[in-house]
Ligand code: SF4
Ligand code: SF4
Ligand code: SF4
Ligand code: SF4
Ligand code: SF4
């Protein structure tokens, strides 16, 4: 099902899903684009109102649908458009990271970051870092093999 | 019907022969270590993976014929058109070794439903491909009541071959054409029958032991159920029931399913059939929000009534083999033996 | 035991409660009973085989028990933690329940065992339980208890933590492969109280209802996430699972994380806010770039 990703490491192009908040990271990513910063082309952005709206289930769903890596990003602490959405998200993802890791999902496949509207450069870094890391890990073939057994 | 002898060593060799011949062999098998051990019916490749002396596996053999999930067909959307992919309805030859009689009997009971109006190809395909070598048992514990539903620890219903433990191996009763074929194909593993008496004793002792667990007559129970749909008994007995459906999951005869369409990407997907159970509230929930079986009392009544009145009325079979798994698995302490005995009494004294 | 029965009789007679939910002898050991008549109060028992978490019967999802309104429940310390959780999350009104607290020195793994408490028989949930008596209780009974025996066997969480992600993946795939998606783990849980579980939603369908490896993994990861800061460690889900998946391991791991990171320990004090509904400005965020 879903995407057929090459298992050959050299030609492997990671597919990365980024769940970002509308107010900070999305604007930051936009800035990175308009500033023509060098960025790996592997990231698909999904825009949400707030990191507080990002359910850990989104991460699972992204892997289910063929992602090799996931980025979750939003406003820095104290900058949340809705005051505290990112604080709640921080707690939630702290737990999700451990639970997913305990079930065998390599935490290296998931990046959490705070990227503000003015941090186009930081966004480019997050994208490049994550892509490099997932490139190194290779395709999330364990998830795909699980699907093949379905 | 004929009889043979199968020694321990020959049974082990038979497993090897079958595997070598490309047959899938399924037997009770223990896996996992320490507190994470399980006894399940599962495919084995070697005789030493088989555990025949550890009693009743936690789950029944139902899933060999009716897996917890299976694909009915797959679809692909092409522009404005759909392409359907059929699934295979021919299955690998399978021999189940060591099915307990309460498990062996179950598929034969459910056959009635699976061939009632629609003939279920997937069920039938697996049934045809499978030979069941049952193993007479001497009673798992106090929750066994196969004898109360017309079966027994040595019942031959649904079995192609019945093995009865005797010194050094088994006395084998060959019961059906499939059983005969097994003996014919692997004749060198089966010796002359010589322990019929010893086997008879084993069977008698086992029966006596299980009969002590529950003595009821299913007929008056059925009549009582037909006439007491609104009895206050249902409101009392099911208070502790969580509606968790663990009972149906482990039950060899429960066979309800749900059908779902699952996308597998954007333009493709599969229609699946998954196990379901009348014990969950969602089972009868209407789109309008109305639920005709709105409380657990009603849902539990359904479980008992379906097994002991509705199915018998329709198919002349009780939808229960008395394996006792539901009582063992229930986290809330519901106990079908107690309920049948209560109803038996209300229906006019124990039989 | 006699004190317990007398109290139950009194509560029913003076109509403080319409039902006393406790344990009584069943065919396979103690099991939940619902005493509504004072003359049946002598059916109540309590011993080390009383494993069930009866707080689960206060959960408003149980429509057939809601009509009783005023319920008295016999609780061990861990059960009281679940009652506190239900009150904390506004599922139960404190004034609607009478809590009969039992002093507790541990229970065995399942109610059909003989009740002798040893290293080998003690329930995993009791191994590091600090509470010998519930604080959230209207009545306190039972004998002073000493700490439950330490269980033996490997610390599976430490063992799993020491593995590589790929090995852990293998471990859980093997375990979850048996899951039949009966959702018994959810139904028995005192803290699963959603009227409609996300696993039951089909439009859109977030969690595939099919018991295949993909759906099973989503289901358990999601359930454990929803239990974060809620799970009282009663082990009922593990006990109910008909295919013996060691769900308690994931939940204990999650509980450790919640405790280490947020300093929150599940207690029977309903006034402490739930950790996932709260936050601190200085919560650790070393994992965030
Ligand atoms: S209803 Fe219970 S005893 Fe009867 S077949 Fe099912 S699990 Fe076995
Ligand atoms: S009878 Fe027991 S196993 Fe069945 S649904 Fe009720 S609580 Fe669950
Ligand atoms: S967890 Fe604690 S309170 Fe609960 S049964 Fe065990 S020792 Fe008793
Ligand atoms: S109780 Fe066990 S088998 Fe049932 S859904 Fe939960 S984990 Fe799966
Ligand atoms: S998740 Fe399991 S251990 Fe935790 S409260 Fe629910 S039933 Fe108890």
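Residue numbers (my numbering), protein chains in the order written: chain A, 2 to 151; chain B, 630 to 980; chain C, -18 to 270.
Built from N, CA and C at the ideal position, the CB exists for glycine as well.
- Along the region 197 to 212 of chain C, the positions whose C-beta sits under 9 Å from a C-beta of chain A are 198, 199, 201, 202, 203, 205, 206, 209, 210, read in chain order.
- Taken in chain order, the whole alpha helix (DSSP H) runs of length 4 or more contained in the region 22 to 69 of chain A are 26 to 35, 57 to 65.
- Annotation: residue 40(A) to residue 123(A) spans about 11 Å, alpha carbon to alpha carbon.
- Think of a sphere of 7 Å around the beta carbon of residue 191(C): the chain B residues whose beta carbon falls inside it are 698, 889, 891, 901, 903, in chain order.
- Cβ atoms of residue 929(B) and residue 851(B) stay farther apart than 8 Å, at about 17 Å.
- By the neighbour-count criterion, in which 16 or more other beta carbons inside 10 Å mark a residue as buried, residue 175(C) falls on the exposed side.
- The beta carbon of residue 648(B) lies closer than 7 Å to those of 654, 674 in the same chain, with the five residues before and after it left out.
- Residue 808(B) carries a helical assignment under DSSP once its states are collapsed to helix, strand and coil.
- Assigned with DSSP and collapsed to three states, residue 659(B) falls in strand.
- A Cβ-Cβ contact shorter than 7 Å links residue 842(B) with residue 774(B).
- Going by C-alpha positions, residue 970(B) is about 53 Å away from residue 55(A).
- Considered as a whole, the region 858 to 907 of chain B harbours 886 to 892, 897 to 904 as its complete beta strand (DSSP E) runs of no fewer than 3 residues, in chain order.
- The C-alpha of residue 1(C) is placed about 6 Å away from the C-alpha of residue -11(C).
- Judged by the Cβ position, residue 870(B) fails to qualify as a neighbour of ligand 1 at the 6 Å threshold, every heavy atom of the ligand being at least this far.
- Exclusion of residue 127(A) from the 6 Å shell around ligand 5 follows from its C-beta lying no nearer than that to any non-hydrogen atom of the ligand.
- With a cutoff of 6 Å, residue 875(B) counts as near ligand 2, since its C-beta is closer than that to a heavy atom of the ligand.
- Of all residues in the region -1 to 22 of chain C, the ones placed with a Cβ closer than 7 Å to any Cβ belonging to chain B are 7, 8, 9, 12, 13, 15, in chain order.
- Around residue 192(C), the same chain offers 160, 161, 162 as residues with beta carbons nearer than 7 Å, after the five sequence neighbours per side are excluded.
- Not one heavy atom of ligand 4 lies closer than 6 Å to the C-beta of residue 0(C).
- Closer than 7 Å to the CB of residue 38(A) there is not a single CB belonging to chain C.
- Taking CB atoms only, residue 879(B) has a neighbour in chain C less than 7 Å away.
- Cα atoms of residue 46(A) and residue 215(C): separation of roughly 41 Å, rounded to the nearest angstrom.
- Distances between the C-beta of residue 165(C) and the heavy atoms of ligand 4 include at least one below 6 Å.
- Secondary structure note for residue 194(C): its alpha helix (DSSP H) is the uninterrupted segment 194 to 207.
- Residue 716(B) and residue 701(B) do touch by the CB rule: their CB atoms are close to 7 Å apart, below 8 Å.
- When only Cα atoms are considered, residue 92(A) and residue 50(C) end up about 36 Å apart.
- Within the same chain, Cβ atoms closer than 6 Å to the Cβ of residue 36(A) are found at 121, the five residues on either side in sequence being excluded.
- With a cut-off of 6 Å, the C-beta of residue 880(B) is classified as distant from ligand 4, since no heavy atom of the ligand falls inside that distance.
- Distances from the CB of residue 845(B) to the heavy atoms of ligand 4 are all 6 Å or more.
- In its chain, beyond the 5 residues on either side, 132, 216, 229 have a beta carbon closer than 7 Å to the beta carbon of residue 105(C).
- Your pair residue 113(C) and residue 84(C) checks out as a contact, with CB atoms roughly 6 Å apart and the cut at 8 Å.
- Residue 9(C) is a Cβ neighbour of residue 93(C), given a cutoff of 7 Å.
- Taking a cut-off of 8 Å for Cβ pairs, the region 768 to 782 of chain B and the region 954 to 968 of chain B touch, as three or more such pairs fall below it.
- Residue 853(B) places its beta carbon less than 7 Å from that of residue 972(B).
- When DSSP assignments are scanned along the region 35 to 97 of chain C, the uninterrupted stretches of alpha helix (DSSP H) that are 4 or more residues long and fall wholly within it turn out to be 58 to 69.
- Taking a C-beta distance under 7 Å as the contact criterion, residue 877(B) and residue 883(B) qualify as a contact pair.
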